[in-house]
Structures are given as structure tokens and as C-alpha cells.
Amino acid sequence: MTDPGALMVWLILLPLAWACLAFLLGSGRGAQAAIIGLGLQLGLTLLLAVMLSGAGAASHAVGGWPAPLGIALAADGLSVLMLLLTQLIALPLAVYAHAYFAAGSVEGRYFWPLTGILLAGLNGLFLSADLFNLYVTLELVGLSAVGLVAAGGGVSQVAAALRYLFAALVGSGAYLLGVALIYGAYGTVSLETLGPLVVAEAPRAVWLAGGLMLVGLMLKTALFPFHYWLPSAHGGAPAPVSALLSALVVKASFYLILRLWLDPFGALVARAELLAWLPMTLGSAAILWGSWKAIRAPRIKMLIAYSTVAQLGYLFLIFPLLGTAGARQAGMMHVFAHGLAKAAMFTAAGVLIKVTGQDTVAGLAGVAGRRPLSLYAFGLAGITIMGLPPSSGFLAKWLLIEAALQQGHWIIALMVLVGGLLATAYVFRVLRQAFLRAPRAGELVAVPRTLELMAFVLAAASVLLGLRGVELMALLSIGSAA
Amino acid sequence: MKRLVVIAAALAFSLALIATLLELPAATIDLRPAVAENLAASGVAHPVTAVLLNYRGYDTLLEIAVLLLALFGILALGLERQVCTLRAAERPLQLLARLASPLMVVVAVYLLWAGAWRPGGAFQAGAVLAAAAVLLHLTELLPGWLQPSARLRWGLAGGFLLFLGVATAMLARGALLEYPPAHAGALILLIEAGLTFSLGLILAGLFLFMTCDEGGD
């Protein structure tokens, strides 16, 4: 395969195919199909990255109809980085999930079909260059995520899923209304065609559309104050699902905000520069509020979920700085750092909850001596979340502070530092408890070694990426104007 | 107080939306000529079918995945411990349902066929098939469904897999879903036939998988 277009298409077709296979074959062979499929996807993504770094951005006209009549798929540096992160995290999580779910359980049986469609939606979203097609991929991602939260769960889990469903539907509804207004104003939904049209003329409908799409996507990204649905959904789902949701799903709508903010709505943003401070303000509030709730959370998965609320805040600090390539690199570095670290934290917490048979932070007392590998994974992920060197979290914060100070926005640098301190407080809450020399009553439940290994692999990756992060972020320049 | 704020906000938003729509200029790009120009190569004579299954067939492919996904979501809730039984129903009602359902199948086939040149197509045909199944269920002729057997699973996913297969086969000779104009009509009919069958099962399933009683009342 020498055509990048074909690679892009296969990244969408493969997960759809193994999702169907998993539905037809049941969970045992379905899981094998999924893991093989994910391995192939990772290979294809790496190939695509290599190809694009040589030849530049690529596109594919689906059906042979060029936009605006047909739908275009497009891959630039931003898309490739998101694709890479998605496959990198999904593969170890699939191996983890295979060992995590009991054979024959309902949530185990439907985990694979739902995850396959989720990944097809994510890959499709990162590759789409068509506003309406993006809506369809958003629905694929949102509905499969809701299904995964609800799968085989009790009343509280289904209630959390339902709340998540309402948030997801309102979010995509607002986005769709925006798309309709754009189509009404310009007669096209192709991103490539829209760019110059918005620069030339932007009637009031386009401003309204941009606002609706932004708010809808913020709701899906769970940016403060729209985060209300996230802790119960991410904290209540099974560990592999929580990891998928926190590491990848919320990043998809963030990616879309960033993509649309740069182009085609870049022309609107340029006319109202103060606008960029809105996401920054909400992001700062998210860091403070999310961290505070994480410091006070009695249950470990709720602590990690509130940490996600806080960490998502950093992503929105970059908006006033977007003129520089450094800010975009800082944002993407943070997407990688948080994605890997948060997947590691949820998977490690999944092990600790299984072995202790309960999910409170207090109940972890003395677990360090018994499950050192899981705790080590949690600690490593914590290093990334706190932003200590040499982790990728440190690199992300370094890049962000550098970009902020270059443009004289010391307030952004200050927020980054405060957020790091607050993260230290909640990460050490868990570690301190685990290292207590408390005599443990009763035996710990045995768990497969694979679970701990996968948590460790993800955590180690989040730290080691800090050493090679700059090279990775160089991919961002593919197809970028700046 | 809270209700008042919500009402006021909704009202303000509606007014803003209406005001914006009233002053909406004519769209910069008009796609209708492009749709009409390429109709001959699209394999069908109806512009809506051409958009849904050819120009923007990729959207439709993913939308079928959304429907399948909705079904997975319901099945994943785990309703399997319940039993499905039929209760006694009124005989005249059953007679009417027995008369109506074969006609509904004929209507579905006609809608599928007619989609090539007038409003119709797989979604509508599948909906009529599903309605027939729901009618049979409501008249106690068809029990609710449990977790699907292997054969039913193939039926539910088959239409989507066929669509996916055709889309992929076209990739080998150009782009995803790029039909050769000479065979476009036949391929679209094949896809729509598969979709009609599976969509009928999926839409019926959205209803029938959820209606099992706790052992009858």
C-alpha cells in the first residue's frame, strides 16, 4: 500500500470489521479479532505517519466525488498525532480488557463490538474534513461511549450512563444546529471549501453557528462548568472503559474544537481576539475545581475522574496563545501525556480495586507491599500528571509556560504551576495511604499478571515519552500553515 | 425562579435564532446543479437516493453503524434473564394482523425498488418491515426476543457487512465506495436490499429485545 488515502480508509474500516466479527463470534474469539485488528491499526498509523512526514498532508475523496459534492478525508500532522495516540492507548487497553472481564459476562461480551465502533468513530473523526460527516462520527463516539458505561451495570451505572447520554445528545444537537446554519449560509459543509468563504464574508448566522458548535463540543469535552456528567460516568464504569473514556473520548471533542478554531473559524476568532480568553478562563476554573474535588474524593476512581476534569483544563489554556506553533505543541503534548497517564491510572486502580475488593482511598492502606507493580504504575502515571521531569507531563507544561511567557501572559504560566501543585496533593493522597504500614485484614484477591503489566506499560510510556516528545511534536508541522 | 431563568434563556435563544434565519443570505454555493449533472453516473434517477448512497454514501455507511450500535447498546444492558411468553389476544385482531403483515412485506419490497427513481429506499422499506414485526408482536403472534442466536446475529449485522464489503471492494479500484458508473445501479440495489432486511431486523429488535415480560402477568 503506497497510497496514504487507502491507509486512512483502512483505519476506519478495520475497527468496523472487527466490531461486527466480535458481535458475530462472541467475546472469546471477538477479543482475539479485536487485538489483531488493533495491532494492524497501530502498524498502519505508523506507516501513515512516516509517509506523511515525507510527502506532506494527504486527502482521499470518498466515492471518487471531490468535495463539496462528496466527502473528503484528510490527514495532516494534527490528525496523525491523534490517530497515533488512539491506537497506542487502545492496544494495551484491549489486552488489559481481555484479562479483566470474566468469561461470559454481558459487559465483557459487548465490550468488543462497542469498542470497535468507538474506535472507528474516533479514527473517522480525526480523518474527516466534512462538518456533517464529523457529526456522524461524533454520534458514533458518543453513543458507543454511553453503551460502554451502561453495559451490564447496576442502577447507579445506568443512571450515570443516562446522564452522560443527555449531555452527549445536547452537545451533538447544538453542534448539528451549527452545521445546519453553516450549510444555510454557504451551501457546503466541506472544511476545505468553507475556509476561504468564511474569510471572505461571515454573516451573523455563522457567528451563531460557531457559538453553538463551540458550546456543544465543550459540553462533550466536559469543560468546566459542563463537567457535571463526567465523574459519575468515568468513575462508575469498569476500569478499561473508564480508561478509554478519560484517555481518548473527551480528547476527540477537544481535537474538534481545536481543528475548527484554527480553520475555518480562524477568521472569526481573528476579528474578536478577546474570545480566546473564554476557553482559557473556563480551563483555569476547571483546574481549580477539578483538583479540589479530587483532593476531597473518598473513592479512588472518583479521584481519578475529577483529576480528568482538572487536566482537561490545561488543554484550554492554550487558546490565547494559538498564534505560535509552541502553544499547539504544548496542547498536543498534554493530550498525549494525560491520555497515557490517565489510562495507566484507571487500569492500575482497576487492579487495586479488584485485589482489595473495595474502592475507597482509605481502603488502600498497606497495599504497596502486596501489589508493588500496580502501585509503581500508579506512581509513574502520577509523575506525569504532576508534571515532574523527565515525564511527558513535564514537557507539556514546560512548552506551555514557555509559550505563555514569550507572549507575556504570565497568568497562564501561573495557572500551570498552581495546577501542578494541586495535582501533587491528590496523587500523594493515594500513595501515602498505600504505603501505610497497616496490617491488612483478610487475603487479597489474586488477579492476572497481564492487568498489572499493561498498567505499567502505559505508565512507563507516559514518562519515557518526555525524552522523545519534541521529535514527536515535530509531526504537527505536516500540513500546517504556520 | 430556576424555571423562569430557563424559560427566559430558551426564549432569548429562539428569538436570536429566528432573527438570524430571517436575515440569512442566499447560500454561496448551490450544489443542486452538481447533483443533477452527475445523476447519470450515479446509477439511480432520484437525487436523494443518489446523495444517500453514492455522493455521500460514506455518511450512510456510518449511519447504519449508528443503528447497529444502538442495538448493541440495548443488548449490552443485559436483559437475558427474563423470559418471553405470548399471552392470549383477541382473535379478530390476530386475523387482521395476519392479513396485514404479508401486505406490509410487499409494500417494503416496492419501496426498496421504487427508491431508484422516486422517494423510497432501504430506510423506509426497513421501517415498514419492522412495523410488521411490531404489529405481530402486539397481537401476540410473535414473542419478544431474547439475546440473539448466531443466526439472528448474522441477520442483524449482515446488511452492514455487505455494505462494508462492497465499499471495501471499490477501494481496490480507486476510492472507498467509488462505484463504476456502469454497475452503480445494480450495486446500489444490492446494498439497499441487504440493508432493508437488516434494518428491518434492527429496528424491530430495538423494540422486541426490550419487551420481554417477567414471566407474564
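In order, the protein sequences belong to chains F and S.
Per my numbering, residue 26 is the first one in the first sequence, and the count goes up by one each step.
Per my numbering, residue 13 is the first one in the second sequence, and the count goes up by one each step.
Every residue, glycine too, gets a C-beta built ideally from N, C-alpha and C.
Asked: Helix, strand or coil at ARG188 (chain F) according to DSSP, with G and I counted as helix; Found: helix
Asked: Whole-angstrom C-beta distance between SER197 (chain F) and GLU164 (chain F), which should lie under 8 Å; Found: 6 Å
Asked: Proximity test, Cβ basis, 7 Å: GLU49 (chain S) and chain F; Found: no
Asked: Listed by chain order, chain S residues near ASN158 (chain F) by CB distance under 9 Å; Found: ARG68, TYR70, ASP71, LEU74
Asked: Residue nearest to LEU273 (chain F) in terms of C-alpha spacing, selected from F:LEU72, F:LYS422, F:LEU150; Found: F:LEU150
Asked: Within chain S, partners of ILE96 (chain F) - CB distance below 7 Å; Found: ARG68, TYR70, ASP71
Asked: Unbroken stretches of the alpha helix (DSSP H), 4 residues or longer, contained in the region 29 to 88 of chain S; Found: 44 to 49, 51 to 54, 59 to 62, 69 to 88
Asked: Start-to-end residues for the alpha helix (DSSP H) that takes in LEU98 (chain F); Found: Premise fails: LEU98 (chain F) lies in the beta strand (DSSP E), 96 to 100, not in any alpha helix (DSSP H).
Asked: Environment of ARG284 (chain F) [buried if 16+ CB atoms lie within 10 Å]; Found: buried
Asked: Cβ shell of LEU322 (chain F) (< 7 Å), same chain only, five flanking positions each side left out; Found: Rather than Leu, the amino acid found at residue 322 (chain F) in this sequence is Ala. The answer, listed in chain order, is LEU328, TYR331.
Asked: Within chain S, the residues that THR111 (chain F) reaches when beta carbons sit closer than 8 Å; Found: Here the premise fails: no neighbours, minimum Cβ distance about 17 Å.
Asked: Coil, strand or helix - THR208 (chain S) by DSSP; Found: helix
Asked: Contact with chain F by PRO37 (chain S), beta-carbon distance below 7 Å; Found: yes
Asked: Cutoff 7 Å: GLU164 (chain F) Cβ touching any chain S Cβ; Found: yes
Asked: Rounded straight-line distance, which links the Cα of LEU34 (chain S) to that of LEU139 (chain F); Found: 42 Å
Asked: Every unbroken alpha helix (DSSP H) within the region 120 to 205 of chain S, with a cutoff of 4 residues, ordered by chain; Found: 134 to 150, 162 to 183
Asked: C-beta neighbour in chain S for TRP435 (chain F), strict 7 Å; Found: no
Asked: Alpha carbon of ALA216 (chain S) to alpha carbon of LEU124 (chain S), nearest angstrom; Found: 17 Å
Asked: C-alpha distance - ALA390 (chain F) paired with PHE460 (chain F), whole-angstrom precision; Found: 7 Å
Asked: Status (buried if at least 16 other CB within 10 Å, exposed otherwise) for ALA28 (chain S); Found: exposed
Asked: Burial state of GLU190 (chain S) (16 or more Cβ within 10 Å); Found: buried
Asked: Proximal residues, the region 218 to 229 of chain F versus chain S, C-beta separation under 9 Å; Found: THR218, LEU222, ALA225, GLU226, PRO228, ARG229
Asked: Burial state of SER487 (chain F), where buried means 16 or more other Cβ atoms lie within 10 Å; Found: buried
Asked: TYR125 (chain F) CB to nearest heavy atom of the ligand ATP below 6 Å; Found: As for the ligand ATP, it is missing from this structure, which has no ligand bound.
Asked: Any alpha helix (DSSP H) of 4 or more consecutive residues that is wholly inside the region 265 to 310 of chain F; Found: 275 to 287, 291 to 296
Asked: Per-residue DSSP class, three states only, for SER84 (chain F); Found: strand
Asked: Chain S contact for GLY491 (chain F) (CB, 7 Å cutoff); Found: no
Asked: Interface partners of ALA82 (chain S) on chain F, CB under 9 Å; Found: LEU168, GLY172
Asked: Burial state of ASP28 (chain F) (16 or more Cβ within 10 Å); Found: exposed
Asked: Contact with chain S by ALA86 (chain F), beta-carbon distance below 7 Å; Found: yes
Asked: Sequence-distant residues of its chain with Cβ nearer than 6 Å to ILE37 (chain F) (five each side left out); Found: ALA145, ASN148, GLY149
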